[in-house]
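Okay, so here's the structure we're looking at.
Numbering (my numbering), first residue to last: 18 to 564.
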């Protein structure tokens, strides 16, 4: 029986459309004939890793691996971690037997090596390339982290001088990438300079150096960012590129002249960061269903609001990825462009060249777009252009820095937008936060009495006659940071239905706050309460985020 082509399998399974498949095949023929069709389809976000793996499983008749990955470390050591990463396959333990999971079947180099090691007779599975690489990269990062810890401890013992400062900066950057840190803070004090990482929104102390070495380390950073060395008494904003394990990382440098010397924040942005899709962001099912319904409306503005670091941009990208299509023209203006997306025209803010949010949005309207993404509405001109775009038949996605969904209406009104325009242009406002998740390896179950529970959660968590509830709290282990590992989103949605539009247009904003609470699908407190009951976060973390 002839082997069915992967594209036809995906098409018959209704994973891709005929147009998407023909587009990918055209790309393959014209630019990269040797490239796998699945990778092209994944690059354009037409399919997921899992969908490709399941199609390959049907194509070659191997089982699709959907169980827990239990890596066989001795076999990994024997084969070599770098080779496994390069060929995208991994040895795992399945029911006390050794098996191999391949991202792509019939890899001759891989199977020849297994034959030479006497392992060719084991069971082979097909698995998601993303899952295989994630598990192998995790193992690689663990080994690199151990080496970094050794070298940093050695520097602590011997002191930091000369060229070792360049080595120290590299080790700090590597360590920050491994820990998924978003920022490195280097801050001089009276006698020492402290170095801290921001991980999952929290600053963790990492290291300290003598104050007399601080300026030399700053000069190493300044040199890479092409800032004049020893120009310590000014504010600086610059950037440089750094490479970690084939990942290109954009480092944004911000320096302020504190009383003890220049204080630095290095913001890390992985240029190859994988787009998180809307279903994987962590929204409650009710929120996900309502967002999916609202974003399909043909025109109007969708605003995402929340404090700095609440994941607004990530949600924007996820919504945009769900909306983009071969038949849709999408333009974005961002500061900066954080994720490069195919089939989308992305523009980056450049004030020196006159490229601002408002200027770009005006120019975009002459390019006949279907969807416009504005990174942030931060001034009256941008607000006016966003409204103009929405009332002329475009879908607009943007963010605002406000604490609640209703506050966004006040903010737009403060920026000079008439309430009637706000009422008729906004589709919805999504107010969101990022909340840390408890580490599944070390979380601890505890009893919480009613009198020790914040009032905002009592009604959601306790029945009328209940005086205590069993929840979870943070522990702490080698797998996490202080009992927490990763973050998820909590949200509330202000959906502009007819009643809400009438209240906004008539200026009844004080009444709107109360009415919206009655109509809200799920408030931030209720969303958090669901996570508490599931054991995904702690009461302490909920109070930290919501107060």
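Every residue, glycine too, gets a C-beta built ideally from N, C-alpha and C.
Item	Value
Residue 84 versus 389, 149 and 371, residue with shortest Cα-Cα distance	149
Spatial neighbours of residue 237 in its chain, beta-carbon cut-off 7 Å, leaving aside the 5 residues before and after	182, 183 and 186
Beta-carbon gap between residue 251 and residue 271 smaller than 9 Å	no
Given 8 Å, three or more beta-carbon pairs between the stretch 295-311 and the stretch 263-278	no
Contacting residues, own chain, Cβ-Cβ under 6 Å from residue 524 (five flanking each side not counted)	436
Neighbour-count burial assignment, residue 504, 16 or more Cβ in a 10 Å radius	buried
Where residue 502 sits in the DSSP three-state scheme	strand
Coil, strand or helix - residue 24 by DSSP	helix
Local Cβ density within 10 Å of residue 142, reported as buried at 16 or more and exposed below that	buried
The stretch 439-448 / the stretch 510-530 touching (three or more Cβ pairs under 8 Å)	yes
CB contact flag (residue 320, residue 210, <9 Å)	no
Extent of the continuous beta strand (DSSP E) to which residue 224 belongs	219-227
Exposed unless 16 or more other CB atoms sit within 10 angstroms - verdict on residue 334	buried
First through last residue of the beta strand (DSSP E) which encompasses residue 473	Careful: residue 473 lies outside any beta strand (DSSP E), inside the alpha helix (DSSP H) at 472-478.
Residue 468, DSSP secondary structure in three states	helix
Of the residues 493, 498 and 467, the one placed nearest residue 483, counting alpha carbons only	467
Reduced DSSP secondary structure (H/G/I, E/B, other) of residue 437	helix
Runs of beta strand (DSSP E) wholly within the stretch 69-144 (minimum 3 residues, chain order)	106-111, 114-119 and 140-143
Integer-rounded CB distance, given that residue 399 should sit under 8 Å from residue 374	4 Å
Cα-Cα separation between residue 23 and residue 58, rounded to whole angstroms	11 Å
Per DSSP, the bridge partner or partners of residue 271	254 and 282
Coarse secondary structure for residue 413, derived from DSSP in three states	strand
Residues bridged to residue 363 (per DSSP)	349
For residue 491, the three-state DSSP class (helix, strand or coil)	coil
Nearest candidate by alpha-carbon position, reference residue 136, set 226, 117 and 359	117
Three-state secondary structure assigned by DSSP to residue 18	Bear in mind that a pLDDT of 40 at residue 18, under 50, signals an unreliable position, so the model cannot answer this.
Residue 395 - DSSP class collapsed to helix/strand/coil	coil
Residue 455 Cβ short of 8 Å to the ligand NAP heavy atom set	Of ligands this structure carries none, so the ligand NAP is not represented either.
Cβ-Cβ separation, residue 507 to residue 9 (assumed contact under 8 Å), whole Å	Not covered by the structure: residue 9. The range shown for the chain is 18 to 564.
Cβ-based burial, residue 158 [other Cβ within 10 Å; buried from 16]	buried
Neighbourhood of residue 486 by C-beta distance below 7 Å, restricted to the same chain and skipping five residues each side	465, 478 and 479
Residue 419 versus residue 287: straight-line alpha-carbon distance, rounded	27 Å
Delimiting residues of the beta strand (DSSP E) encompassing residue 292	Segment: none, residue 292 is in no beta strand (DSSP E) and carries neither H nor E.
Cβ-Cβ distance between residue 401 and residue 361 below 9 Å	no
Helix, strand or coil at residue 61 according to DSSP, with G and I counted as helix	coil
Residue closest to residue 310, alpha-carbon to alpha-carbon, out of 291, 339, 104 and 326	339
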